[in-house]
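K.L.:
Supplied in C-alpha cells, the structure appears directly below.
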Amino acid sequence: MKQLVLLSAAAICAATLATSRLPAQASTALTPGARVRLITPRLESSQQIVRVITATRDSVEFRSDGYPVTRSLAISDLSAIEVASTSRRPFLRNMLVGGGVGALVGGVVGYATYEDSNCEIFCIFDTTRGQEAALSGSLLGTIGVVVGAGIAAFQDRERWTRIPLDATVAVHPAKGGRVAFTIARTF
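Residues in the sequence shown are numbered from 10 upward in steps of one, following this note's numbering.
As C-alpha cells, this is what we get:
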C-alpha cells in the first residue's frame, strides 16, 4: 500500500512538472502592434524585425525600428513569418539554483575547513563540524539567492514562433488550349 501511495504521488508530480513546461499556444493571427520577423530577401537583416500595422491574407503593412517608414510586402514575397513572444524572467528558478549551489558549496567548504577551537573562557563561535557546515552553507546560500535574482533581472527571453505560410496550387485551363498554374500563399 505504501508503495502504491508513493508511486501515485510520483506520477502526479511528474504529470504536473511535464504540463507546466508546455508553452502556451501561440496565436497565428498577425495582430496590429505585434512584433514579428519577416524573413525575405527583399529586406536587410537589420530591418526584418518589425511591428505589424495591418495584415491581410495577401499582404503585411509594417514599420521597423531601424527604418521608421510604413511599408508593405506581399505574403508571396516572404519566406517565413515569425511572431515574438516574451516569457517571464526566471527569478524563482535562478534564485533556487543560486541558493542551492551556494548552500552546497558553503556546506562542503565549512565541513572541509573545520578546525577544533581551544576556546576556554569566552566562546561565541565554538561550533562542531556540522554546525560550521550549516553556517557556511547558510551564508553562501543567501549570497547565491541574491546573485541568482540579480542574474534573472538582466535576462529577457524572446522566443520566435513560426507562422505557417500555406501555399495553394491551382491548375486551370488558359486560352489557346494551354494549362495555367496559380500559386498563392496565405497565413
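We put the beta carbon where it would ideally sit given N, CA and C, even for glycine.
1. Please report the distance separating the alpha-carbon of Leu52 from that of Ala43.
2. Going by DSSP, what residue range makes up the beta strand (DSSP E) through Glu167?
3. For the stretch 94 to 143, list the alpha helix (DSSP H) runs that are entirely contained and at least 4 residues long, ordered along the chain.
4. Restricting to Cα atoms, I'd like to know which of Asp74, Val106, Gly115, Arg60 is closest to Ala93.
5. Please name the residue, chosen from Ile58, Ile172, Arg138, Phe131, that lies closest to Gly75 on a Cα-to-Cα basis.
6. Rounded to whole angstroms, how far is the Cβ of Val154 from the Cβ of Met104, which I believe are closer than 8 Å?
7. If you draw a straight line from the alpha carbon of Ile62 to that of Leu144, how long is it in whole angstroms?
8. What's the gap between the Cα of Pro173 and the Cα of Thr49?
9. Just to confirm, are Ala64 and Leu82 a CB contact at a threshold of 7 Å?
10. Figure out for me which residue from Ile84, Arg66, Arg72, Ala89 has the closest Cα to the Cα of Trp169.
11. Specify, as a first and last residue, the run of the beta strand (DSSP E) that Val69 falls within.
12. Would you please verify whether the beta carbon of Ser126 is less than 7 Å from any beta carbon of chain B?
13. Between Gly108 and Gly146, is the Cβ-Cβ spacing less than 7 Å?
14. Measure the beta-carbon distance from Tyr198 to Arg138 and round it to whole angstroms, keeping in mind my assumption that it falls under 8 Å.
15. Thr63 by DSSP, collapsed to three states: which one?
16. Using the DSSP secondary-structure output, state which residues sit across from Glu91 in a beta bridge.
17. Alpha carbon to alpha carbon, how far is Asp86 from Val188?
P.N.:
Answer, in terms of the structure:
1. Cα to Cα, Leu52 sits roughly 18 Å from Ala43.
2. DSSP places Glu167 inside the beta strand (DSSP E), whose first and last residues are 166 to 172.
3. Counting whole runs of 4 or more residues, the stretch 94 to 143 contains the alpha helix (DSSP H) stretches 100 to 121.
4. Out of Asp74, Val106, Gly115, Arg60, Arg60 has the C-alpha closest to the C-alpha of Ala93.
5. Nearest of Ile58, Ile172, Arg138, Phe131 to Gly75, Cα basis: Ile58.
6. Going by Cβ atoms, the distance from Val154 to Met104 rounds to 5 Å, so yes, they are a contact pair.
7. It is roughly 58 Å from the alpha-carbon of Ile62 to the alpha-carbon of Leu144.
8. One Cα belongs to Pro173, the other to Thr49, and the distance between them is close to 14 Å.
9. Result no, Cβ atoms of Ala64 and Leu82 do not sit closer than 7 Å.
10. That would be Ala89, whose Cα lies nearest to the Cα of Trp169.
11. 68 to 73 is the extent of the beta strand (DSSP E) around Val69.
12. Looking at the structure shown, chain B is missing, and only one protein chain is on hand.
13. No, Cβ-Cβ distance for Gly108 and Gly146 is not below 7 Å.
14. The displayed coordinates of the chain run from 10 to 196. Any statement about residue 198 would go beyond what the structure contains.
15. Strand.
16. Partner(s): Arg46, Arg171.
17. Here the alpha carbon of Asp86 sits roughly 24 Å from the alpha carbon of Val188.
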